[in-house]
């Protein structure tokens, strides 16, 4: 059953990435396009003048859209999850602070999802496979990043069953 457990973990990470990416890509798109004026106004009220609100709407929209795409494709998903988590922490303490508890549900869920992606990475099903995802490689502590990232084209012994 260990092989099934590993596959279920990767399928679960893929499902998590798809769900998180959907929310952030859509939210970023709305900040950049159809709802930019409204978002700028809201950010302007939270931060300062309307011009600053417009800048922050574009900045956050691009970060959400780009981070969502990176998470969806599994391209540096752990790094993208870091900045998406920062966005969610800022959103919790600015936009949602003092509101009803139900207003925190999505933000806290997304924050937890980003933290999970930060700790686990994208899993096996991703576009760019420059790092190994097997547990043995994660345990190797050297400056090469694990046993699969050697400079030779040979596959390391711990990953022969994975490739």
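Residue numbers (my numbering): 619 to 781.
All residues carry an ideal CB built from backbone N, CA and C; glycine is no exception.
Considering residue i, what are the terminal residues of the alpha helix (DSSP H) in which it resides?
i, result
"residue 735", "723–738"
How many Å lie between residue i and residue j at the Cα?
i, j, result
"residue 744", "residue 723", "28 Å"
"residue 688", "residue 695", "6 Å"
"residue 760", "residue 738", "Note that residue 760 has pLDDT 44, beneath the 50 cutoff, so the model's placement of it is unreliable and no number is given."
"residue 709", "residue 698", "17 Å"
"residue 636", "residue 686", "9 Å"
"residue 705", "residue 675", "12 Å"
"residue 670", "residue 623", "48 Å"
"residue 654", "residue 719", "26 Å"
"residue 657", "residue 678", "10 Å"
"residue 783", "residue 725", "Past the boundaries of the shown model lies residue 783; the chain is included only from 619 to 781, so the question cannot be answered."
Less than 8 Å separating the beta-carbons of residue i and residue j?
i, j, result
"residue 650", "residue 712", "no"
"residue 683", "residue 647", "yes"
"residue 702", "residue 732", "yes"
"residue 735", "residue 632", "no"
"residue 627", "residue 741", "yes"
"residue 707", "residue 729", "yes"
"residue 746", "residue 662", "no"
Restricting to Cα atoms, I'd like to know which of the options is closest to residue i.
i, options, result
"residue 714", "747, 666 and 660", "660"
"residue 638", "700, 721, 720 and 719", "700"
"residue 643", "726, 666, 681 and 629", "681"
Exercise. Taking the runs of the alpha helix (DSSP H) that are 4 residues or longer, which of them lie wholly in the region 662–709?
Worked result: Qualifying alpha helix (DSSP H) stretches, in chain order: 668–691.
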